[in-house]
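Numbering (the working numbering), first residue to last: 56 to 725.
Every residue, glycine too, gets a C-beta built ideally from N, C-alpha and C.
Bear in mind the structure is a predicted one, so any value in this text is a computation, not a measurement.
Shown next, in structure tokens, is the structure this report addresses.
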Amino acid sequence: MAAKAAREIEKLREEIRRHDELYYVNNSPEISDREYDALLERLQKLEQDHPDLITPDSPTQRVGGRPSEGFPKVVHSRQMLSLDNSYNIDELRAFDDRCRRLAEGRPLDYVAELKIDGLSLSLQYADGLLVRGVTRGDGRTGEDVTQNARTIRSVPLRFRREAKVLDTNVEVRGEVFLPREVFEKTNAEREEAGEPRFANPRNAAAGAIRQLDSRLVARRKLDMFVYELFVGGGRKPFATHWQALEWLQAAGFRVNPHRKVCETIDEVIEFANEKEKLRDDLGYEIDGLVVKVNSTALQDEFGATQKAPRWAIAYKYQARQATTKVLDIGVQVGRTGALTPVAHLEPVLLAGTTVARATLHNEDEIKRLDVKIGDWVMLEKGGDVIPKVLSVIASKRTGKEKPFVPPTECPVCGGLISRSEGEVVARCVAADCQAQLIGRLLHFASRRAMAIEGLGESLAQQLVSEQLVKDVGDLYSLTLDQVAGLERMAKKSATNLLDQIEASKNRELTNLIYGLGIRHVGERTAGILAHEAGSLERLAAMSVEELDAIPEIGLTVAESVRDWFDDKGNRALCDRLRAAGIKTEDTRTSSDSLDERFAGKQFVLTGTLGGFTRDEARALIEARGGRVNSSVSKKTDYVVAGEAAGSKLDKAESLGVTVLDEQAFRDMLE
């Protein structure tokens, strides 16, 4: 029996090490978290039954991975342990039974908190000031990432003054994470830049905190919830964990609001079920609940195993990863014309719903994953977005799999597909493509384009579904009867909308070019093109070489503009807009566009201006040849600071950038 156990133990260790490398080194896991946990738990059980077979290099003898190179190593004053997991109510009740046996009849309650899906970080304070940030590392030794920790806005650099003084040295532990919105934006930016997407927010956060350049970390916009407090090298300063959380909140830390003191395990279970329903509505990823004995005296008395405390447990929610088969790969067209490959899957239950589709993002991602029709794949679902394919399980291939063949024309309208050099996304550039029409309408009507107030998403959907609008040019042929006949559109509302459409004809050429939604053409670029071309007709006739020669344009934009005007549907749209009476000439005076006080200068706006909206101030600057940026740098020429100016003003003063108050800005305009 011992020989058989030894063989199984060694086999499990090798398999777990392989999956560790796939997950932590290669970022390409082949199994779900639950399947991994099952392997580890089986190994733990065998080693528990055969303690003489435990070796120092067993996966059960460490917490997490080794600290990476590039940061000083720091030994934790108190080991950063992981948590034992429970996956069902019976296991949670078993935890309660163990705790009550250890308590020997003494009163016992719990604190239930959300389990944030991120990475652990220790923050060390001396006399109330942040002096060090250390990653978990292997639980005993972590990495000094102090400069990166300081970039996390929810981490206070000093305690609030009203916080009770606990000790000269205070340690706060918590979970660093990437908000969902930031994660999606970060992946979109990486995709645009031709870089690989992050698999999940946890991987993105872990990669960010280990960046050697703290400026890159700051751009990632990490966040942090804290959950543990020590003083004097490892002592717990309060009688209960709940009191510690309240002090942390009072001291200025971000403590998760979804927490509760529970008198019984039934209250914990009720709380867990209640919060699981909110899982997809939160702005961050969670994978369960953490349940802790509230009394810190009992926590110390219960102690810990080599791996985890006996007084706490993680209750894991239903897995968000699953394996299934790719039946086919199709292509969907988004509102901006982006062609997104989508895997059609053998239906599988994932996070409580049946999944039959998953995004593959773009052709480069398909090549990176090496996914083929007929492959078995690992899926992950984050929030309420379409599930995505994490990896291919190559060991299940039979040789009958077929490669994906990208379309040569738009699968919806048959229009021209363009993919500029260096781009990862292919796009349909046809203006009359129905799949992207609603998005084009909303962009065309936006405040910084043609400013058609009243044209929101609901109305745009009605105009398209009733076939009243097939491209943005049809807006200018709408009649009062047509608009008034739509749902929730009385005669007065219809009249107001038509008045707005009529007024939009007098918008500048800059607004029209921006409103056309040409790929890579933002407000600033639209202004440059309008000024250099002088008219829409001239812009439509310019070659790639002529466009590329314009300062600040570049080859990528030049090719995108040329592609747009090469589509016959787009050229027909321009003719219809001109016939409708829309201004297609640049009427700005040369004195406006060549104002030497503004031309070529970089501005940053911060705070509230009494006499201008932010958009009005931006328009005034750009009309005179200036450029408005979102962040302050050494290249910034002026910061216009209104009331309640924030960190941008501080940054400007530290860099010696000229700061203009509202009156100075007015004087400069005049």
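Sequence-distant residues of its chain with Cβ nearer than 7 angstroms to residue i (five each side left out)
{"i": "Asn-551", "result": "Gly-509"}
{"i": "Gly-173", "result": "Glu-230, Val-231, Phe-232, Arg-257 and Ala-260"}
{"i": "Gly-636", "result": "Lys-560"}
{"i": "Asp-647", "result": "For Asp-647, the pLDDT reaches just 43, beneath the cut-off of 50, and the residue's location in the model is therefore unreliable, leaving the point undetermined."}
{"i": "Glu-614", "result": "Ser-475 and Val-599"}
{"i": "Trp-297", "result": "Val-166, Val-316 and Asn-349"}
{"i": "Val-575", "result": "Sequence check: residue 575 is His here, not Val. Thr-611, Val-612 and Ser-615."}
{"i": "Gly-582", "result": "Thr-565 and Glu-677"}
{"i": "Ala-588", "result": "Leu-594 and Met-597"}
Which listed residue (the options) has its alpha carbon closest to that of residue i
{"i": "Asn-242", "options": "Glu-230, Asp-268, Asp-145 and Ala-259", "result": "Ala-259"}
{"i": "Arg-191", "options": "Lys-427, Ser-132, Asn-566 and Asp-622", "result": "Ser-132"}
{"i": "Asp-164", "options": "Ala-613, Val-576 and Val-323", "result": "Val-323"}
{"i": "Lys-525", "options": "Cys-468, Arg-474 and Lys-546", "result": "Cys-468"}
{"i": "Leu-19", "options": "Leu-591, Asp-630, Val-129 and Cys-154", "result": "Residue 19 lies beyond the stretch modelled for the chain, which goes from 56 to 725, so this question has no answer here."}
{"i": "Glu-146", "options": "Ala-700, Phe-499, Pro-234 and Ala-369", "result": "Ala-369"}
{"i": "Val-386", "options": "Thr-360, Pro-364, Ala-363 and Ile-421", "result": "Ile-421"}
{"i": "Leu-271", "options": "Leu-333, Gly-287, Ile-207 and Asn-255", "result": "Ile-207"}
{"i": "Gln-491", "options": "Val-189, Ala-515, Arg-474 and Trp-297", "result": "Ala-515"}
{"i": "Ala-485", "options": "Cys-465, Gln-657 and Glu-217", "result": "Cys-465"}
{"i": "Phe-308", "options": "Leu-178, Gln-361 and Arg-156", "result": "Leu-178"}
{"i": "Leu-101", "options": "Lys-66, Arg-73 and Lys-656", "result": "Lys-66"}
{"i": "Thr-319", "options": "Ala-149, Asn-311 and Gln-103", "result": "Ala-149"}
{"i": "Leu-284", "options": "Leu-333, Met-135 and Ser-269", "result": "Met-135"}
{"i": "Arg-213", "options": "Arg-89, Gly-624 and Leu-184", "result": "Leu-184"}
{"i": "Asp-222", "options": "Arg-290, Ser-501, Leu-567 and Glu-725", "result": "Arg-290"}
{"i": "Glu-671", "options": "Glu-69, Arg-721 and Arg-452", "result": "Arg-721"}
{"i": "Leu-157", "options": "Gly-288, Glu-236, Ile-64 and Ala-367", "result": "Ala-367"}
{"i": "Ser-141", "options": "Leu-176, Val-186, Ala-93 and Gln-103", "result": "Ala-93"}
{"i": "Glu-651", "options": "Glu-725, Gly-540, Ile-86 and Gly-389", "result": "Glu-725"}
{"i": "Trp-619", "options": "Gly-572, Gly-655 and Asp-88", "result": "Gly-572"}
Whether residue i touches residue j by CB criterion (8 angstroms)
{"i": "Ala-596", "j": "Leu-564", "result": "no"}
{"i": "Lys-347", "j": "Val-166", "result": "yes"}
{"i": "Ile-472", "j": "Ile-507", "result": "no"}
{"i": "Gly-392", "j": "Arg-482", "result": "yes"}
{"i": "Tyr-372", "j": "Gly-343", "result": "yes"}
{"i": "Arg-195", "j": "Val-130", "result": "yes"}
{"i": "Leu-303", "j": "Arg-314", "result": "no"}
{"i": "Glu-435", "j": "Arg-375", "result": "yes"}
{"i": "Arg-631", "j": "Gly-528", "result": "yes"}
{"i": "Thr-351", "j": "Ala-294", "result": "yes"}
{"i": "Leu-602", "j": "Arg-617", "result": "yes"}
{"i": "Lys-17", "j": "Leu-704", "result": "An answer regarding residue 17 cannot be provided, because it is not within the stretch 56 to 725 covered by the chain."}
{"i": "Leu-541", "j": "Glu-521", "result": "yes"}
Close-in-space but distant-in-sequence residues of the same chain around residue i (CB under 6 angstroms, 5 per side omitted)
{"i": "Gln-99", "result": "Thr-115"}
{"i": "Lys-706", "result": "Val-687"}
{"i": "Ala-57", "result": "none"}
{"i": "Glu-418", "result": "Pro-461"}
{"i": "Val-480", "result": "Ala-393 and Asn-417"}
{"i": "Leu-518", "result": "Val-524"}
{"i": "Asp-430", "result": "Val-381, Val-447 and Glu-456"}
{"i": "Glu-159", "result": "none"}
{"i": "Phe-499", "result": "Met-505, Val-527 and Gly-570"}
Below-8 angstroms beta-carbon distance, residue i vs any chain B residue
{"i": "Ala-490", "result": "Among the protein chains of the structure shown there is no chain B, as only one such chain exists."}
Integer Cβ distance of residue i from residue j, believed to fall under 8 angstroms
{"i": "Asn-143", "j": "Ala-181", "result": "Not quite, the Cβ-Cβ distance comes to about 44 angstroms (not below 8 angstroms), so this is no contact."}
{"i": "Arg-503", "j": "Glu-578", "result": "6 angstroms"}
{"i": "Leu-138", "j": "Ile-341", "result": "With a Cβ gap of about 14 angstroms, Leu-138 and Ile-341 do not count as contacting."}
{"i": "Val-415", "j": "Ala-377", "result": "For the sequence presented, residue 415 should be read as Leu rather than Val. At roughly 16 angstroms, the Cβ-Cβ gap does not stay under 8 angstroms, so Leu-415 and Ala-377 are not in contact."}
{"i": "Val-612", "j": "Thr-580", "result": "6 angstroms"}
{"i": "Arg-412", "j": "Val-397", "result": "5 angstroms"}
{"i": "Ile-428", "j": "Asp-383", "result": "6 angstroms"}
{"i": "Thr-639", "j": "Arg-633", "result": "5 angstroms"}
{"i": "Val-200", "j": "Arg-265", "result": "7 angstroms"}
{"i": "Gly-665", "j": "Glu-717", "result": "6 angstroms"}
{"i": "Val-432", "j": "Thr-379", "result": "7 angstroms"}
{"i": "Ala-558", "j": "Leu-535", "result": "The pair is not a contact, with the Cβ atoms about 16 angstroms apart (cut-off 8 angstroms)."}
Cβ-heavy atom distance, residue i to the ligand FMN, below 7 angstroms
{"i": "Lys-703", "result": "Among the components of this structure there are no ligands whatsoever, and the ligand FMN is therefore not found."}
Residues near residue i by beta carbon distance below 8 angstroms, same chain, minus five either side
{"i": "Leu-61", "result": "Note on residue identity: the sequence assigns Ala, not Leu, to residue 61. Once the five neighbours on either side are set aside, the close Cβ partners of Ala-61 are His-105 and Leu-108."}
{"i": "Phe-658", "result": "Ile-676, Gly-681, Arg-682, Val-683, Asn-684, Thr-691, Asp-692, Tyr-693, Val-694 and Val-695"}
{"i": "Leu-95", "result": "Ile-71, Pro-114 and Thr-115"}
#### Entry: Whole beta strand (DSSP E) elements within the region 283-367, 3-residue minimum
Under the rule that a run must span 3 or more residues, the beta strand (DSSP E) segments found entirely inside the region 283-367 read 314-317 and 341-348.
### Query
Counting only runs that start and end within the region 577-616, where is the alpha helix (DSSP H) found for 4 or more residues in a row?
578-588, 591-596 and 599-603
### Message
What ranges does the beta strand (DSSP E) occupy inside the region 387-457, keeping only unbroken runs of at least 3 residues that lie completely in it?
### Response
Within the region 387-457, the complete beta strand (DSSP E) runs of at least 3 residues fall at 394-405, 408-414, 431-435 and 443-447.
### Runs of alpha helix (DSSP H) wholly within the region 188-271 (minimum 4 residues, chain order)
201-205, 235-247 and 256-264
### Message
If we require 4 or more residues per run, which alpha helix (DSSP H) segments fall completely within the region 497-556?
### Response
If one requires a minimum length of 4 residues, the alpha helix (DSSP H) runs lying completely within the region 497-556 are 512-520 and 535-539, in chain order.
### Task
Note down, one range per segment and in chain order, each beta strand (DSSP E) of at least 3 residues found wholly within the region 676-707.
682-684 and 693-696
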